[in-house]
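Going by our numbering, the first residue of the sequence shown is number 11, and it counts up by one from there.
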Amino acid sequence: MQWGVQGNGSSDAQGLWWRLCAARSGGAKGSLQRGEDAVRGATLVCHSPVQGQSPAEQWSPMTKLERVHAALQKAVNKATKKIADQEKDWDQVELCKRIVRYLYKGAQAPELLTLPWHQAAEQFVDTAMQGFTAACGDKPWFFDMDLTSAFGMSFWEIYTGSGQRANWSEVEAVLNGKYEQLMDLCLLEKAMWDSAGGLIPDQEPLRNKLYKALKTSHESAFKEATEAPRMGDLQRVELFTRAWIEGTVNKSYSVLEQAEGYLMNPDSVVQLFQELVAPFGEEHPFSCIPAVLTQSIGRPPKDWDFLQEAVRQFFLNWNNPDNGAGDGLGYGQRRGAPRGLKRPFDAFGAAVRPAKSKGWERRGLQASARQPSNLSATQETADVADSTGAVANLEDKSGVEGACEDPVAQALMEQVAAAEAAAEG
Numbered sequence: 011m012q013w014g015v016q017g018n019g020s021s022d023a024q025g026l027w028w029r030l031c032a033a034r035s036g037g038a039k040g041s042l043q044r045g046e047d048a049v050r051g052a053t054l055v056c057h058s059p060v061q062g063q064s065p066a067e068q069w070s071p072m073t074k075l076e077r078v079h080a081a082l083q084k085a086v087n088k089a090t091k092k093i094a095d096q097e098k099d100w101d102q103v104e105l106c107k108r109i110v111r112y113l114y115k116g117a118q119a120p121e122l123l124t125l126p127w128h129q130a131a132e133q134f135v136d137t138a139m140q141g142f143t144a145a146c147g148d149k150p151w152f153f154d155m156d157l158t159s160a161f162g163m164s165f166w167e168i169y170t171g172s173g174q175r176a177n178w179s180e181v182e183a184v185l186n187g188k189y190e191q192l193m194d195l196c197l198l199e200k201a202m203w204d205s206a207g208g209l210i211p212d213q214e215p216l217r218n219k220l221y222k223a224l225k226t227s228h229e230s231a232f233k234e235a236t237e238a239p240r241m242g243d244l245q246r247v248e249l250f251t252r253a254w255i256e257g258t259v260n261k262s263y264s265v266l267e268q269a270e271g272y273l274m275n276p277d278s279v280v281q282l283f284q285e286l287v288a289p290f291g292e293e294h295p296f297s298c299i300p301a302v303l304t305q306s307i308g309r310p311p312k313d314w315d316f317l318q319e320a321v322r323q324f325f326l327n328w329n330n331p332d333n334g335a336g337d338g339l340g341y342g343q344r345r346g347a348p349r350g351l352k353r354p355f356d357a358f359g360a361a362v363r364p365a366k367s368k369g370w371e372r373r374g375l376q377a378s379a380r381q382p383s384n385l386s387a388t389q390e391t392a393d394v395a396d397s398t399g400a401v402a403n404l405e406d407k408s409g410v411e412g413a414c415e416d417p418v419a420q421a422l423m424e425q426v427a428a429a430e431a432a433a434e435g
């Protein structure tokens, strides 16, 4: 039996079935009703067999694949004409040929005719996009090319050979949804890779490790946010963002330490996630904050205050494990470093002020070094030179000009002054 379409009054896709299939068969009599059949919203019904063909011949795997290939060729040829001027290596004919070959592989799985149509649709798009993304994902036109028509026209051939009945608008929605999901994933991975390279531009192994930390932490943070109990949209976005920041830095702190400029500091982390909020600029709609979390409240701005607060809180907990957060180990203890060799940062409280660097603009370490707690305040007051040197050393480490606010250093200064007065007397 031949599968055709039964219109439901819609007229926004007239004659699509004829253009896709009947024209391919040379317009054989009885192959289809060549009317103004509406496809969108239509339900598949049976027609008379094509003259001279048995049902087995008409829907044989070879015939089905030929029709899929023809549909892809037509749609991709039209799509590549719009972006061919951006391709530097291949002409438009070669570009079309390659893309058709990548997508065509997704249609060759025999189970597509036996799976439920929604599973078949998702598998077809997923498999087709794997080769296409691997081969063309770094092309300048990759995100400008629209393949929704190619997937719709080609899967129509698969779907009509499966013997299933469904509203075509539902099938089309599944196809488009899967395609958009995969394209968003490509954008997400590109944004994280570019952002990691912006922070660590010249150290490929470290960049790769930071990218992996961003990706795995993004997945776990999204799961945590979506599975959290009922809460407001903004609170859920904040939950995701905080979990993503904490997961990423926990997984990549050694990378940030080893990177040029020593990036294990609040300013660098804030700037990394500011880029991820709007990786392609404020005017581009994409964000690494999942759209499903922001669809009712919109994307946060790039200078979102919450980023600074979340990072500040992370470093407070990281540097002060005794405050009830963290794993009970301080920064130096986590790294296995001798006490005093690695000093923790003082969490910043002011807005980030970027400074020039190789990748993004970033500030270096600005936190003051902490004073040793076992410094004696009862040193010999007669040893003026040693005391003066100690005070100068303390001032240099803390970065303080003028009066020293540290009580130990203040005591030393008073002792020095007393010794000088006694010497003059």
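Backbone N, C-alpha and C fix where the C-beta goes; we use that ideal spot for every residue, glycine too.
Three-state secondary structure assigned by DSSP to residue i
{"i": "Lys149", "result": "coil"}
{"i": "Leu82", "result": "helix"}
{"i": "Met241", "result": "coil"}
{"i": "Lys8", "result": "A query on residue 8 cannot be resolved here, the shown segment of the chain reaching from 11 to 435 and no further."}
{"i": "Phe290", "result": "coil"}
{"i": "Asn275", "result": "coil"}
{"i": "Lys92", "result": "coil"}
{"i": "Gly346", "result": "At Gly346 the pLDDT is 36, less than 50, meaning the model places this residue with poor confidence; the figure from the coordinates comes in the next sentence. Coil."}
{"i": "Ile307", "result": "coil"}
{"i": "Asp212", "result": "coil"}
{"i": "Val60", "result": "Caution applies to Val60, whose pLDDT of 41 falls short of 50 and renders its modelled position unreliable; the value that the coordinates give is listed next. Reduced to three states, the DSSP call for Val60 is coil."}
{"i": "Ile255", "result": "helix"}
{"i": "Leu1", "result": "One cannot answer for residue 1 here, as it falls past the ends of the chain, which runs 11 to 435."}
{"i": "Gly141", "result": "helix"}
{"i": "Phe232", "result": "helix"}
{"i": "Ser227", "result": "helix"}
{"i": "Phe296", "result": "coil"}
{"i": "Arg77", "result": "helix"}
{"i": "Gly99", "result": "First, the amino acid is wrong: residue 99 is Asp here, not Gly. Coil at Asp99, not helix or strand."}
{"i": "Lys222", "result": "helix"}
{"i": "Glu132", "result": "helix"}
{"i": "Arg246", "result": "helix"}
{"i": "Gln174", "result": "coil"}
For residue i, the first and last residue of its enclosing alpha helix (DSSP H)
{"i": "Met163", "result": "Thr158 to Thr170"}
{"i": "Met193", "result": "Trp178 to Leu209"}
{"i": "Lys107", "result": "Gln102 to Tyr114"}
{"i": "Trp9", "result": "What the structure shows of the chain is the stretch from 11 to 435, and residue 9 is not part of that stretch, so it cannot be assessed."}
Alpha-carbon to alpha-carbon, residue j and residue i
{"i": "Glu256", "j": "Asp243", "result": "20 Å"}
{"i": "Arg217", "j": "Asp204", "result": "9 Å"}
{"i": "Asn275", "j": "Glu248", "result": "21 Å"}
{"i": "Pro289", "j": "Phe283", "result": "9 Å"}
{"i": "Asp156", "j": "Leu195", "result": "15 Å"}
{"i": "Leu438", "j": "Ala145", "result": "Lying before the first or after the last residue shown, residue 438 is absent from the chain, which here runs from 11 to 435."}
{"i": "Arg252", "j": "Lys261", "result": "14 Å"}
{"i": "Asn186", "j": "Lys88", "result": "18 Å"}
{"i": "Trp151", "j": "Trp328", "result": "43 Å"}
{"i": "Phe134", "j": "Tyr189", "result": "10 Å"}
{"i": "Pro331", "j": "Ala235", "result": "25 Å"}
{"i": "Arg111", "j": "Phe296", "result": "29 Å"}
{"i": "Lys219", "j": "His128", "result": "36 Å"}
{"i": "Pro382", "j": "Arg246", "result": "Low confidence applies here, because Pro382 scores a pLDDT of 33, under 50, leaving its location unreliable; read the following figure in that light. Roughly 42 Å separates the two Cα atoms."}
{"i": "Tyr221", "j": "Val265", "result": "11 Å"}
{"i": "Glu237", "j": "Thr304", "result": "16 Å"}
{"i": "Phe355", "j": "Phe325", "result": "Its pLDDT being 30, under 50, Phe355 is placed unreliably by the model, and the measurement read from it follows with that caveat. Rounded to whole angstroms, Phe355 to Phe325 spans 8 Å at the Cα level."}
{"i": "Asp313", "j": "Glu285", "result": "9 Å"}
{"i": "Glu121", "j": "Ala206", "result": "40 Å"}
{"i": "Gln76", "j": "Gly171", "result": "The displayed chain sequence assigns Glu, not Gln, to residue 76. Those two C-alpha atoms are separated by around 13 Å."}
{"i": "Gln102", "j": "Thr90", "result": "7 Å"}
{"i": "Phe142", "j": "Leu192", "result": "11 Å"}
{"i": "Tyr272", "j": "Lys233", "result": "31 Å"}
7 Å Cβ cutoff met for residue i and residue j
{"i": "Ile444", "j": "Asp136", "result": "Nothing can be reported for residue 444, as the shown portion of the chain is limited to 11 through 435."}
{"i": "Val280", "j": "Gln318", "result": "yes"}
{"i": "Leu9", "j": "Thr258", "result": "What is shown of the chain runs 11 to 435, which leaves residue 9 out entirely."}
{"i": "Trp254", "j": "Ser278", "result": "no"}
{"i": "Leu198", "j": "Cys106", "result": "no"}
{"i": "Ala269", "j": "Phe250", "result": "no"}
{"i": "Ala160", "j": "Leu82", "result": "yes"}
{"i": "Met163", "j": "Ala80", "result": "no"}
{"i": "Ala117", "j": "Val78", "result": "yes"}
{"i": "Val184", "j": "Ala119", "result": "no"}
Below-7 Å beta-carbon distance, residue i vs any chain D residue
{"i": "Asp148", "result": "Judged by its chain identifiers, the structure shown contains no chain D, having just a single protein chain."}
Closer than 6 Å: residue i CB and nearest the ligand SAH heavy atom
{"i": "Trp166", "result": "In terms of ligand content, the structure shown is empty, and the ligand SAH therefore cannot be addressed."}
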